[in-house]
Amino acid sequence: MTAKLRGKAAIVGTGTAGLDEAPGFTAMDIQALAVRAALDEAGLSLADVDGIFCANMSHTFPAISTIEYLGLDPRWIDGTNTGGSSFVAHALSATMALEAGLCDVALICYGATMRSGAGRMVPPAEQPVYELPHRPRYPMTAYALAAARHMAQFGTTRAQLAEVAVAARAWARLNPDAFERDPLTVEEVLASRMVMEPLSLRDCCLLTDGAGAVVMTRADRARDLAQKPAYFLGGGVASYNRAISEMPDLTSTAARDSGARAFAMAGLGQNDIDILQLYDAFTINVILFLEDLGFCAKGEGGAFVSGGRIAPGGALPVNTNGGGLSFCHPGMYGVFTLIEAARQLRQGAGARQVDKADTVLCHGNGITLSHQATAIFGTEDTL
Amino acid sequence: MSQTGPDSAPTTGPDREFQARVADGRLWLQRCADCGAAIFMPRVICPHCASTALSWAPASGLGTVYSRTTLRPRAKPGEAPRPPHSIVLVDLDEGPRMMSHLPGIAPEDIRIGMRVRARIEGEAGSHLVTFQPGEDRT
Numbered sequence: 245m246t247a248k249l250r251g252k253a254a255i256v257g258t259g260t261a262g263l264d265e266a267p268g269f270t271a272m273d274i275q276a277l278a279v280r281a282a283l284d285e286a287g288l289s290l291a292d293v294d295g296i297f298c299a300n301m302s303h304t305f306p307a308i309s310t311i312e313y314l315g316l317d318p319r320w321i322d323g324t325n326t327g328g329s330s331f332v333a334h335a336l337s338a339t340m341a342l343e344a345g346l347c348d349v350a351l352i353c354y355g356a357t358m359r360s361g362a363g364r365m366v367p368p369a370e371q372p373v374y375e376l377p378h379r380p381r382y383p384m385t386a387y388a389l390a391a392a393r394h395m396a397q398f399g400t401t402r403a404q405l406a407e408v409a410v411a412a413r414a415w416a417r418l419n420p421d422a423f424e425r426d427p428l429t430v431e432e433v434l435a436s437r438m439v440m441e442p443l444s445l446r447d448c449c450l451l452t453d454g455a456g457a458v459v460m461t462r463a464d465r466a467r468d469l470a471q472k473p474a475y476f477l478g479g480g481v482a483s484y485n486r487a488i489s490e491m492p493d494l495t496s497t498a499a500r501d502s503g504a505r506a507f508a509m510a511g512l513g514q515n516d517i518d519i520l521q522l523y524d525a526f527t528i529n530v531i532l533f534l535e536d537l538g539f540c541a542k543g544e545g546g547a548f549v550s551g552g553r554i555a556p557g558g559a560l561p562v563n564t565n566g567g568g569l570s571f572c573h574p575g576m577y578g579v580f581t582l583i584e585a586a587r588q589l590r591q592g593a594g595a596r597q598v599d600k601a602d603t604v605l606c607h608g609n610g611i612t613l614s615h616q617a618t619a620i621f622g623t624e625d626t627l
Numbered sequence: 008m009s010q011t012g013p014d015s016a017p018t019t020g021p022d023r024e025f026q027a028r029v030a031d032g033r034l035w036l037q038r039c040a041d042c043g044a045a046i047f048m049p050r051v052i053c054p055h056c057a058s059t060a061l062s063w064a065p066a067s068g069l070g071t072v073y074s075r076t077t078l079r080p081r082a083k084p085g086e087a088p089r090p091p092h093s094i095v096l097v098d099l100d101e102g103p104r105m106m107s108h109l110p111g112i113a114p115e116d117i118r119i120g121m122r123v124r125a126r127i128e129g130e131a132g133s134h135l136v137t138f139q140p141g142e143d144r145t
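Line by line, the protein sequences give chains A and B.
Following the working numbering, the numbering of the first sequence begins with 245 at its first residue and continues without gaps.
Following the working numbering, the numbering of the second sequence begins with 8 at its first residue and continues without gaps.
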């Protein structure tokens, strides 16, 4: 039974570094700063780390390079790269490795300098060869095709997509670390420059620098550390395709499966979740994932996000840090969903803290709707 | 490639075989001899039933636009603005879906649900499947 993993490990430390711009720093530099911050928060040291989980798009062997840079000597090394979802999937793998005794202190980390470095997304080495000649612009083209199909099939409107961006901005205005903190209205999103129809500039995530790190231990040890633990309650992954043209139904993602697996392991339902952290590379993502994770019916996501439902003060808080749309997005955002989950669960999220924060669902999306990973965390009361 | 698999294993890489087949101006797809599925992109194994008994057959070339998007490039300083570029996903009548574009067709004339037919473009070894509006072959 996969429920063997429920509550067996917890996030005990979180750290970020180099958010917005980190000129002159490398991805490994700011990643190291985030790792140090996460360990300090937990009251642990680098010497305690004996398991590493790492992915990025700038290094062919990111886990190994991280080991070298930090001077680690880990017993367990996992460099699984599923795109931006990697770190949410790593939370499941780390819980497994911790419970199996393969490591005692698991470090999940990421860093990238997309803004100050290349100034653009670093393309993965392996690209869909039957799509490239038609000049798609990854990853945007894939999400635009999904949005266009969702609009044609369900009547979703650009104004409904804009609601997602506006909600993210409203949350970001409560987060001092957020990259974009100016007010934003639906009208402004609709009036922003059209980039890839039907997605305008404000339907697209930021491109920032940034690093994030999360430290996990087994639950028994977590209780003795400095922070209130964010217990891992359940997780799941799913993937059917790499290329968007190979995706069976562009309005229905593998989050249906990853989410169902996570809920089953956690023994929870949608009504038990207080806060969602959904990888919002584009506004359509949040609508797709709310539907596929079962928070509303398929096709009703546009209406669901309207009227401020997912914004501060709304019935269902989503992306309380401001998300990839307004907080930060250094290429692979997944690790930041874990960080925000842990901070909300320990009532440490400052002005954006949600009152009832006993459970948080994190959802990571990889590549071009190609890989989905869901992880649910909770306070001690949920064990 | 030496033939070490079942009798039906291919002797030429499927990408190269695809390029050779479409050189006659028609769209060719693989078809699985065991489960009957039409397959694109070219492979050595059926993604539906794991059979390696894949053969090639000319397709109708007809399909329906499943989704579409248009890139609106920003003008760069000192350069003329680049024209918009539309990309489509086409559901072929035989089943598979493929990414493509419709050369010369204005973005506003490309609609989800419209019927299109394939056209083979490009040089030997680097042929490209594009589409034009149209229900029937002439």
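Note that the Cβ used here is the ideal one computed from N, Cα and C, for glycine as well.
(request) Return the chain-ordered list of same chain residues with a C-beta closer than 8 Å to the C-beta of A/Thr401, the five sequence neighbours on each side being excluded. (result) Residues of the same chain with a CB within less than 8 Å of the CB of A/Thr401, apart from the 5 flanking positions on each side, are Met395, Gly546 in chain order.
(request) Within its chain, find whatever has a CB closer than 6 Å to the CB of A/Ala422; leave out the 5 residues flanking it on each side and keep chain order. (result) Closer than 6 Å at the Cβ level, and outside the excluded window around A/Ala422, lie Ala416, Gly566, Ser570, Phe571.
(message) Distance check for A/Ser337 and A/Gly287, CA to CA, integer angstroms please.
(response) Roughly 23 Å separates the two Cα atoms.
(message) Which of the three DSSP states is assigned to A/Arg486 in this structure?
(response) Residue state, collapsed to three classes: coil.
(message) Looking at A/Gly480: is its Cβ nearer than 8 Å to the Cβ of A/Tyr523?
(response) For the pair A/Gly480 and A/Tyr523, the CB atoms are not nearer than the 8 Å cut-off.
(message) I'd like to know if the segment 341-351 of chain A and the segment 570-587 of chain A are in contact, where contact means that at least 3 CB-CB pairs between them fall below 8 Å.
(response) No: the two stretches stay apart, fewer than three of their Cβ pairs being nearer than 8 Å.
(message) So within the segment 47-114 of chain B, which uninterrupted beta strand (DSSP E) runs reach at least 3 residues, ignoring any that extend past its ends?
(response) 61-65, 69-78, 92-99, 104-107, all fully within the segment 47-114 of chain B.
(request) Please name the residue or residues paired with A/Ala466 in a DSSP beta bridge. (result) Its beta-bridge partners do not exist; DSSP assigns none.
(request) Check whether the segment 263-283 of chain A touches the segment 453-464 of chain A, counting contact only when three or more Cβ pairs, one atom from each stretch, lie closer than 8 Å. (result) With a cut-off of 8 Å, the segment 453-464 of chain A and the segment 263-283 of chain A count as touching, because enough Cβ pairs lie within range.
(request) Mind reading off the beta-carbon distance from A/Ile352 to A/Leu582? Whole number of angstroms is fine, and I expect it under 8 Å. (result) Indeed, because the Cβ distance is near 7 Å, the residues count as touching under 8 Å.
(message) I want to verify the contact list: residues of chain B whose CB lies under 8 Å from the CB of A/Glu432, in sequence order.
(response) Those do not exist, as A/Glu432 stays about 18 Å from chain B at its closest Cβ, beyond 8 Å.
(message) For A/Phe331 and B/Gly68, I'd like the C-alpha separation in whole angstroms.
(response) In a straight line, the C-alpha of A/Phe331 is about 42 Å away from that of B/Gly68.
(request) Could you name the residues of the same chain whose beta carbon sits closer than 6 Å to that of A/Thr461, not counting the 5 residues immediately before and after it, in chain order? (result) Excluding the 5 residues flanking it on each side, A/Thr461 has same chain C-beta neighbours closer than 6 Å at Val256, Val349, in chain order.
(request) Have a look at B/Ala131, B/Gly129, B/Ser133, B/Leu109 and flag the residue whose alpha-carbon is nearest the alpha-carbon of B/Arg122. (result) Answer by Cα proximity: B/Leu109.
(message) Among the candidates B/Leu96, B/Arg124, B/His134, whose CA atom is the shortest distance from the CA of A/Ala682?
(response) This structure does not reach residue 682 of chain A, given that chain A is present from 245 up to 627, and the question cannot be answered.
(request) Would you tell me roughly how many angstroms separate the C-alpha atoms of B/Pro88 and A/Tyr382, rounded to the nearest one? (result) Our two residues, B/Pro88 and A/Tyr382, have alpha carbons roughly 21 Å apart in a direct line.
(request) Count the other CB atoms, across all protein chains shown, that sit within 10 Å of the CB of A/Ser289; report buried if there are 16 or more and exposed otherwise. (result) Burial call: exposed.
(request) Can you tell me which of A/Leu376, A/Ala506, A/Ser483, A/His615 puts its alpha carbon nearest to the alpha carbon of A/Met576? (result) It is A/His615 whose Cα lies nearest to the Cα of A/Met576.
(request) Evaluate contact between the segment 467-477 of chain A and the segment 485-493 of chain A, counting only Cβ atoms and requiring at least three cross-stretch pairs below 8 Å. (result) With a cut-off of 8 Å, the segment 485-493 of chain A and the segment 467-477 of chain A do not count as touching, because too few Cβ pairs lie within range.
(message) Quick check: what's the CA-CA separation for A/Glu441 versus B/Arg79?
(response) Between the alpha carbons of A/Glu441 and B/Arg79 lies a gap of roughly 8 Å.
(request) Within 10 angstroms of the Cβ of A/Thr304, are there 16 or more other Cβ atoms? Answer buried if so, exposed if not. (result) Under a 10 Å Cβ-count criterion, A/Thr304 is classified as exposed, with fewer than 16 other Cβ atoms of the shown protein chains found around its own Cβ.
(message) Let's see if you can read the secondary structure: which residues bound the beta strand (DSSP E) around A/Ile321?
(response) Unbroken beta strand (DSSP E) run through A/Ile321: 320-322.
(message) Any C-beta of chain B within less than 7 Å: which residues of the segment 591-621 of chain A qualify?
(response) Under the 7 Å Cβ criterion, the segment 591-621 of chain A contributes no residue.
(message) According to DSSP, simplified to helix, strand and coil, what is A/Met440?
(response) Of the three classes helix, strand and coil, the one that applies to A/Met440 here is strand, per DSSP.
(request) Could you tell me which chain B residues have their CB closer than 8 Å to the CB of A/Arg402, listed as they occur along the chain? (result) Close partners of A/Arg402 in chain B (Cβ separation under 8 Å) are lacking, with about 13 Å as the shortest Cβ gap.
(message) Suppose you measure from the CA of A/Ala271 to the CA of A/Gln521; what does that come to, to the nearest Å?
(response) Their backbone Cα atoms lie some 24 Å apart in a straight line.
(request) Report the residue ranges of all alpha helix (DSSP H) runs contained in full by the segment 558-593 of chain A; include only those spanning at least 4 residues, in chain order. (result) Considered as a whole, the segment 558-593 of chain A harbours 578-589 as its complete alpha helix (DSSP H) runs of no fewer than 4 residues, in chain order.
(message) Quick check on DSSP: helix, strand or coil for A/Ala617?
(response) Strand at A/Ala617.
(request) Excluding the 5 residues preceding and the 5 following B/Met100 in the sequence, name in chain order all residues of the same chain whose CB lies nearer than 7 Å to its CB. (result) Reading off the sequence shown, one finds Asp at residue 100 of chain B, where the question assumed Met. Taken in chain order, the residues that qualify are Ser67, Leu69, Gly70.
(message) DSSP three-state label for A/Arg553, please.
(response) Reduced to three states, the DSSP call for A/Arg553 is coil.
(request) Pick helix, strand or coil for B/Val123, following the three-state DSSP scheme. (result) Note: B/Val123 maps to strand in three-state DSSP.
(request) Please confirm if the segment 502-520 of chain A is in contact with the segment 597-606 of chain A, defined as three or more CB-CB distances below 8 Å between the two stretches. (result) The segment 502-520 of chain A, when compared against the segment 597-606 of chain A, does touch it at the 8 Å Cβ threshold.
(request) Go through its chain and collect everything with a Cβ distance to A/Ala498's Cβ below 6 Å, but skip five positions before and after it. (result) Once the five neighbours on either side are set aside, the close Cβ partners of A/Ala498 are Ala482, Ser483, Tyr484, Gln616.
(request) State the Cα-Cα distance for the pair B/Lys83 and A/Ala253, rounded to the nearest angstrom. (result) Rounded to the nearest angstrom, the gap between the Cα atoms of B/Lys83 and A/Ala253 is 51 Å.
(message) Please tell me whether A/Asp625 has its Cβ less than 8 Å away from any Cβ of chain B.
(response) Output row for A/Asp625: interface = no.
(message) Quick check on B/Gln139: buried or exposed, where buried means 16 or more other Cβ atoms within 10 Å of its Cβ?
(response) Result: exposed.
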